[in-house]
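Residue numbers (UniProt numbering): 1 to 359.
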């Protein structure tokens, strides 16, 4: 799909083929169209087509889109809730069912005006789907309770760090529902305990971080990625010893802008960045498993489908939102040089089958 947009997949098996996209802040197309839209597409794996199912125009552009499952179980919101982290510091809440019905009703059900600066961190709690975490300027992180989407309640997870910086990403722990992580452009990452209402650990610093993501299977392991061109690496930390990372994934030649841990297999991790590459890693050993076709511009968003194994979506400043199957891409060949004119060897062991293909 020809869009400069940030994305979110539908989060249930019934909505697994739906993809929401919000016009990306900081990008403009060849026609200099300055409008902004939230759109919902349907991904058809058999035809490789993505028809547009619903759209709404917005006043501001998006830094982040999140799709939560609140209201699905009781039928009050049959398609859940879509949240947008906007360039003006607001968070806009949409009812996707109204977008898909196209009945003329305004699908925006709330506008939260709490943050200072663009909202770059935004994620729904995977267990308590009414909770939305957000982060923006001045180190501010908020939790929004959307039990009543038209009248959301907002609170702090705890006192913010003394070091002020723009929050670039937030992520809920996949195993412990009351644990949240945030990272920032100062390089400082913070783990928050919502039960204790305070930060429980700070780590890192000194690099401009873009992404934080939890290992879906190991509760204490967390990924932090740097968008600094001088240090374009992904670090995996184990918070049982937060003095240094346990693994660094080195392969990008410019800053990393996006990363996504596979929900179906913790040994698969995607990253993308300013070198126009999208790499699939085995984070258990640091090897590159495969690589998606390179874009002609920065790739700024990449997301595994939460419900369809091997399916990923990526977004680049080429103006494209693309969907791929990782099963279509082979393991990498040896590359030409390691800086001394010597070819790098191929992976030292066979590429392991992903968990959804193992018997």
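Note that the Cβ used here is the ideal one computed from N, Cα and C, for glycine as well.
Assuming residue i contacts residue j (C-beta within less than 8 Å), just tell me the rounded distance between them.
i, j, result
"residue 221", "residue 236", "6 Å"
"residue 40", "residue 122", "In fact, because the Cβ distance is near 17 Å, the residues do not count as touching under 8 Å."
Would you say residue i and residue j are within 8 Å of each other, going by their C-beta atoms?
i, j, result
"residue 67", "residue 5", "no"
"residue 322", "residue 300", "no"
"residue 93", "residue 81", "yes"
"residue 273", "residue 298", "yes"
"residue 12", "residue 72", "yes"
"residue 2", "residue 228", "no"
"residue 161", "residue 188", "yes"
"residue 234", "residue 218", "no"
"residue 132", "residue 84", "no"
"residue 105", "residue 152", "no"
"residue 171", "residue 186", "no"
"residue 107", "residue 158", "no"
"residue 45", "residue 86", "no"
Measuring straight from C-alpha to C-alpha, what distance separates residue i and residue j?
i, j, result
"residue 52", "residue 25", "21 Å"
"residue 130", "residue 119", "19 Å"
"residue 174", "residue 195", "16 Å"
"residue 349", "residue 49", "Bear in mind that a pLDDT of 37 at residue 349, under 50, signals an unreliable position, so the number given afterwards is only what the model happens to contain. When rounded, the distance between both Cα atoms is 36 Å."
"residue 17", "residue 42", "6 Å"
"residue 258", "residue 191", "20 Å"
"residue 97", "residue 20", "12 Å"
"residue 149", "residue 103", "20 Å"
"residue 335", "residue 269", "For residue 335, the predicted structure reports a pLDDT of 40, less than 50, and the residue's modelled location is therefore unreliable. The matter cannot be settled from this model."
"residue 77", "residue 309", "26 Å"
"residue 70", "residue 167", "25 Å"
"residue 113", "residue 95", "18 Å"
"residue 294", "residue 253", "13 Å"
"residue 346", "residue 251", "Low confidence applies here, because residue 346 scores a pLDDT of 39, under 50, leaving its location unreliable; read the following figure in that light. Their backbone Cα atoms lie some 14 Å apart in a straight line."
"residue 230", "residue 205", "14 Å"
"residue 64", "residue 10", "15 Å"
"residue 14", "residue 307", "9 Å"
"residue 326", "residue 163", "40 Å"
"residue 216", "residue 126", "11 Å"
Using a Cβ-Cβ cut-off of 7 Å (strictly less than) and excluding sequence neighbours within five positions of residue i, which residues of its own chain qualify?
i, result
"residue 116", "89, 136, 137, 138, 140"
"residue 286", "247, 249"
"residue 355", "264, 265"
Looking only at its own chain, which residues have a Cβ that is under 8 Å from the Cβ of residue i, when we skip the five neighbours before and after it?
i, result
"residue 302", "258, 259, 260, 270, 271, 272, 278, 312, 313, 314, 315"
What does a CB cutoff of less than 6 Å around residue i pick up in its chain, not counting 5 residues either side in sequence?
i, result
"residue 284", "267"
"residue 124", "66, 68, 132"
"residue 211", "169, 225, 259"
"residue 155", "143"
"residue 55", "37, 39"
Between residue i and chain C, is the shortest Cβ-Cβ distance under 8 Å, so that the two count as touching?
i, result
"residue 73", "No chain C is present in this structure, which holds just one protein chain."
Would the stretch 129–146 count as touching the stretch 162–182 if we require 3 or more Cβ pairs under 8 Å? They touch, by the three-pair rule.
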